[in-house]
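Engineer: Provided herewith is a single structure, encoded as structure tokens, for subsequent inquiry.
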Amino acid sequence: ERIAGELRDAGVAAAPLHGGLTQSARNKTIGAFRSGTLPVLVATDVAARGIHVDNVSLVMQVVVATHGAGLARTYPALYRALTHIDPQACPDVFVLDQLPVAIPLLKLLCGRRVVYYCHFPDKEISAALARQRGDHGLRAMVRRLYRLPLDVLEEATTKAADRILVNSHFTAAHFRRVFPHIVCRPRVVYPAVDELEYTPQQVQQALVEYERSCQDADALRRCSLVQQLVQVGDRPILLSINRFEAKKNIVLALHTVAHLRHMRRDRVRLVCAGGYDARVQDNIATLAALQAQATRLGLSHTTLWGRRPSSASPLHEPTTPEHVLGADVVLLPSLPGALLHALLHAPALRALLYTPTDEHFGIVPLEAMVCGVPVLATDTGGPLETVVDAELDARGQPQARDATGFLCAPNAEQWADVCHRVLDWDDDTRARIASAAKQRVQTHFSVRTMGAALDEHVRAVGAQAVPLGERIQ
């Protein structure tokens, strides 16, 4: 659904076309796709979340929808029990992301080519999570035995794709290392942002629509408090946007601000916003750890929920602007997108602190750059391909003409030194960095750029003849 939306927004001509359509019908379909009038169909997954059979369930729904027109006419109740999708013509090309288990099934049962967009090998993600948990001994052995057939399945099914795309050269390097038997080399198609969604006018319109959608006074109060945080200019703001997960290393931002307190007379406000799921223990533990660490560092802090989970007591929430605006650190779990975008346009915002190490790509730096906000990121992973380091001189001025931010080792003292220099920039320097950041996104990471790249790959794969052995008549 997400990729289909990105394609449609980008005006890509790679619409789901049936091989039997006339050229006139194809042209009409392409026109509808570019204009955004071609409907996006969503199939509801009925299988358990988090296991491979959910992909199989969705594939079978697609197969029934593309081959079951007769069944729909004769036994409509049975048809609806098997799929949520109306009968459809079979697409020329399937674009699949996330788990690859569906690839050989789509090729076998539908006789079509498949483009696979790999965000990161699941095999590598699982190993990284095991290292984070510190699995060892018997637990590690059991995990390896459990993962062995899944890892074999992932490589075998990925290998069946007609073309493999990845989201960064960083991911491509890991892909080649963990899947040495896959001959098909992955090609990079960068994820993208739609710069039109981040204009001040669009952000303001989204805020108005969000306020209208708020169902109770409590939600409106929280929305008002965040907006006051955005509008007030009493302190410079450093912003972190990440899910509340241990691997995101948000604590680096806390230590950076703590170091800044010893370097400057003016106080800086750190705002940490991002996704939070009250059902996920990692989210719960990470938020609690950040609150405790802020206290240990002598930073006053407050937590304001974007959408308060049932487990959070309203008695512990700030109730007045003074509670929020007086804090050194403001934690904003579950903040809605409209308010996140508003934060990126806060007049007092000076930089985005992007703290993860070895992030596969990282869309947040692009969201900041498209708003003209300089990004301070670790010198690892995807940010190496998105952020252009300013290379500060002895006076703290950027030397790189096309600089969009900074790439530093994940060291709080170094980060504090960079932030100290940024906070002293004049308006002309900030404007120059903002202009370069916006231009870089528009040139390399816009939905139009991504759409053109996807269009090229899908057309190339669609032009290939499908061997008769792969078709089921």
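Going by the working numbering, the sequence shown wraps up at 1222, each residue one higher than the last. A virtual CB, placed ideally from N, CA and C, is assigned to each residue, including glycine.
(1) Do Cys867 and Thr920 have their beta-carbon atoms positioned less than 8 angstroms apart in this structure?
(2) CA-CA distance, Ala1077 and Val1006?
(3) Using the three-state DSSP reduction, which class does His918 fall into: helix, strand or coil?
(4) Should Ala876 and His833 be called a contact, given that it needs their Cβ atoms to be closer than 8 angstroms?
(5) Using only the alpha-carbon positions, how far apart do Leu1053 and Leu1133 sit?
(6) Report the residue ranges of all alpha helix (DSSP H) runs contained in full by the segment 1159-1207; include only those spanning at least 4 residues, in chain order.
(7) Between Glu903 and Ile931, is the Cβ-Cβ spacing less than 8 angstroms?
(8) I'd like to know whether the C-beta atoms of Pro1123 and Ala1186 end up nearer to each other than 8 angstroms.
(9) Nearer than 7 angstroms: is that true of the beta carbon of Arg1189 relative to any heavy atom of the ligand FMN?
(10) Helix, strand or coil, according to DSSP, for Asp911 in the structure here?
(11) Have a look at the DSSP bridge pairing and note the partners of Asp983.
(12) Can you tell me which of the three DSSP states Phe1155 falls into?
(13) Whose CA, out of Val1137, Asp871, Ala1117, Gly1075, lies closest to the CA of Leu897?
(14) Tell me whether the beta-carbon of Glu944 lies closer than 8 angstroms to the beta-carbon of Val805.
(15) How about Arg1013: is its C-beta nearer than 8 angstroms to some C-beta of chain B?
(16) Among the candidates Pro1114, Tyr824, Glu994, Asp803, whose CA atom is the shortest distance from the CA of Arg1028?
(17) Note down the Cα distance separating Ala1022 from Ala821, rounded to an integer number of angstroms.
(18) At what residues does the alpha helix (DSSP H) containing His1072 begin and finish?
(19) Rounded to the nearest angstrom, what separates Gly1154 and Cys1168 at their Cα positions?
(20) Between Ile999 and Tyr824, what straight-line distance do the alpha-carbon atoms span, to the nearest angstrom?
(21) Spatial neighbours of Gln977 within its chain, please: CB distance less than 6 angstroms, with the 5 preceding and 5 following residues excluded, ordered by chain position.
(22) DSSP on Cys972, reduced to helix/strand/coil?
(23) Within the same chain, show all residues whose beta-carbon is closer than 6 angstroms to that of Leu969, passing over the 5 residues directly before and after it, in chain order.
(24) Evaluate Val901 with the Cβ neighbour count: other Cβ atoms within 10 Å of its Cβ, from every protein chain shown; 16 or more gives buried, anything less gives exposed.
(25) Is Val932 helix, strand or coil when you go by DSSP?
(26) In angstroms, rounded to a whole number, what distance separates the CA positions of Gly816 and Asp841?
(27) Considering only the beta carbon of each residue, do Glu873 and Val927 sit closer than 8 angstroms?
(28) In chain order, which continuous runs of the alpha helix (DSSP H) of length 4 or greater are located wholly inside the segment 1092-1141?
(29) Can you grab the Cα-Cα spacing for the pair Ile852 / Val863, in whole Å?
(30) By the 10 Å Cβ neighbour count, where 16 or more other Cβ atoms means buried, how is Val789 classified, buried or exposed?
(31) List the residues that DSSP assigns as beta-bridge partners of Ile990.
(32) Distance check for Ala1095 and Leu1101, CA to CA, integer angstroms please.
(33) Given a cut-off of 8 angstroms, decide if His1090 and Val938 are closer than it, judged by their beta-carbon atoms.
(34) Can you find the residues in the same chain that come closer than 6 angstroms, C-beta to C-beta, to Gln1032, ignoring five residues on each side of it along the sequence?
(35) Taking the beta carbon of Thr1035 as the centre, do at least 16 other beta carbons fall within 10 Å, making it buried, or is it exposed?
Structural biologist: For this structure:
(1) Taking the first residue of the sequence shown as position 1, residue 920 is located at position 171. Taking the first residue of the sequence shown as position 1, residue 867 is located at position 118. Taking 8 angstroms as the Cβ cut-off, Thr920 and Cys867 qualify as a contacting pair.
(2) The residue labelled residue 1077 in the question sits at position 328 within the sequence shown. The residue labelled residue 1006 in the question sits at position 257 within the sequence shown. Checking the sequence shown, residue 1077 turns out to be Asp, not Ala. Their backbone Cα atoms lie some 9 angstroms apart in a straight line.
(3) Here residue 918 refers to the residue found at position 169 of the sequence shown. In the structure shown, His918 sits in a helix (DSSP, three-state: H, G or I).
(4) Translated into the one-based positions of the sequence shown, residue 876 becomes position 127. Translated into the one-based positions of the sequence shown, residue 833 becomes position 84. No, Cβ-Cβ distance for Ala876 and His833 is not below 8 angstroms.
(5) Sequence index remark: in the sequence shown, residue 1053 carries index 304 (1-based). Sequence index remark: in the sequence shown, residue 1133 carries index 384 (1-based). Those two C-alpha atoms are separated by around 32 angstroms.
(6) 1161-1172, 1176-1193
(7) Taking the sequence shown and counting its residues from 1, one reaches residue 903 at position 154. Taking the sequence shown and counting its residues from 1, one reaches residue 931 at position 182. Cβ distance not < 8 angstroms, so Glu903 and Ile931 don't count as in contact.
(8) For this step, residue 1123 is matched to residue 374 along the sequence shown. For this step, residue 1186 is matched to residue 437 along the sequence shown. Cβ distance < 8 angstroms, so Pro1123 and Ala1186 count as in contact.
(9) With respect to the ligand FMN, the structure offers nothing, as it holds no ligand at all.
(10) The residue given as residue 911 occupies position 162 in the sequence shown. The answer is coil: DSSP assigns Asp911 none of H, G, I, E or B.
(11) Start at 1 with the first residue of the sequence shown, and residue 983 comes out as number 234. Partner(s): none; Asp983 has no beta bridge.
(12) For the purposes of this step, residue 1155 is identified with residue 406 of the sequence shown, where counting begins at 1. Three-state DSSP puts Phe1155 in a strand.
(13) Reading the sequence shown from its first residue, position 148 is the one you call residue 897. Checked all of Val1137, Asp871, Ala1117, Gly1075; the closest Cα to Leu897 is Asp871.
(14) As a working note, residue 944 is residue 195 in the sequence shown. As a working note, residue 805 is residue 56 in the sequence shown. It is not a contact, given that the beta carbons lie outside the stated cut-off.
(15) Absent from the structure: chain B. Only one protein chain is present.
(16) Within the sequence shown, residue 1028 is the residue found at index 279, counting from 1. It is Glu994 whose Cα lies nearest to the Cα of Arg1028.
(17) Within the sequence shown, numbered from 1, the residue matching residue 1022 stands at position 273. Within the sequence shown, numbered from 1, the residue matching residue 821 stands at position 72. Near 47 angstroms, if we compare the C-alpha coordinates of Ala821 and Ala1022.
(18) Position 323 of the sequence shown, counted from the first residue, corresponds to residue 1072. Counting along the chain, the alpha helix (DSSP H) containing His1072 begins and ends at 1070-1074.
(19) Here the question's residue 1154 lines up with position 405 in the sequence shown. Here the question's residue 1168 lines up with position 419 in the sequence shown. So the two alpha carbons sit approximately 11 angstroms from each other.
(20) One-based indexing of the sequence shown puts residue 999 at position 250. One-based indexing of the sequence shown puts residue 824 at position 75. Taking the straight line from one Cα to the other gives about 55 angstroms.
(21) Locating residue 977 in the sequence shown gives position 228, where the first residue counts as 1. Here the set comprises Pro1070.
(22) Looking up residue 972 in the sequence shown gives position 223. Residue state, collapsed to three classes: helix.
(23) Here residue 969 refers to the residue found at position 220 of the sequence shown. The residues are Cys963.
(24) Your numbering for residue 901 matches position 152 in the sequence shown. Its Cβ having fewer than 16 others within 10 Å, Val901 is exposed.
(25) The sequence position of residue 932 within the sequence shown is 183, counting from 1. Coil, per DSSP.
(26) As a first step, residue 816 is located in the sequence shown; it is residue number 67 there, counting from the start. As a first step, residue 841 is located in the sequence shown; it is residue number 92 there, counting from the start. According to the sequence as given, residue 816 is His; it is not Gly. In a straight line, the C-alpha of His816 is about 14 angstroms away from that of Asp841.
(27) Within the sequence shown, numbered from 1, the residue matching residue 873 stands at position 124. Within the sequence shown, numbered from 1, the residue matching residue 927 stands at position 178. Taking 8 angstroms as the Cβ cut-off, Glu873 and Val927 qualify as a contacting pair.
(28) 1113-1119, 1132-1135
(29) Numbered from 1 along the sequence shown, position 103 holds the residue referred to as residue 852. Numbered from 1 along the sequence shown, position 114 holds the residue referred to as residue 863. So the two alpha carbons sit approximately 7 angstroms from each other.
(30) Taking the first residue of the sequence shown as position 1, residue 789 is located at position 40. With fewer than 16 other Cβ atoms within 10 Å, it is exposed.
(31) What you label residue 990 is simply residue 241 of the sequence shown in a count that begins at 1. Note: Ile990 sits in a beta bridge opposite Ala1022.
(32) Translated into the one-based positions of the sequence shown, residue 1101 becomes position 352. Translated into the one-based positions of the sequence shown, residue 1095 becomes position 346. Rounded to the nearest angstrom, the two C-alpha atoms are 12 angstroms apart.
(33) Walking along the sequence shown from the start, residue 938 turns up at place 189. Walking along the sequence shown from the start, residue 1090 turns up at place 341. No, Cβ-Cβ distance for Val938 and His1090 is not below 8 angstroms.
(34) As a first step, residue 1032 is located in the sequence shown; it is residue number 283 there, counting from the start. The residue you asked about is not Gln; residue 1032 is Asn in the sequence shown. Once the five neighbours on either side are set aside, the close Cβ partners of Asn1032 are Phe993, Tyr1025, Asp1026.
(35) Counting from 1 along the sequence shown, the entry for residue 1035 is found at position 286. Buried, because 16 or more other Cβ atoms sit within 10 Å of the Cβ of Thr1035.
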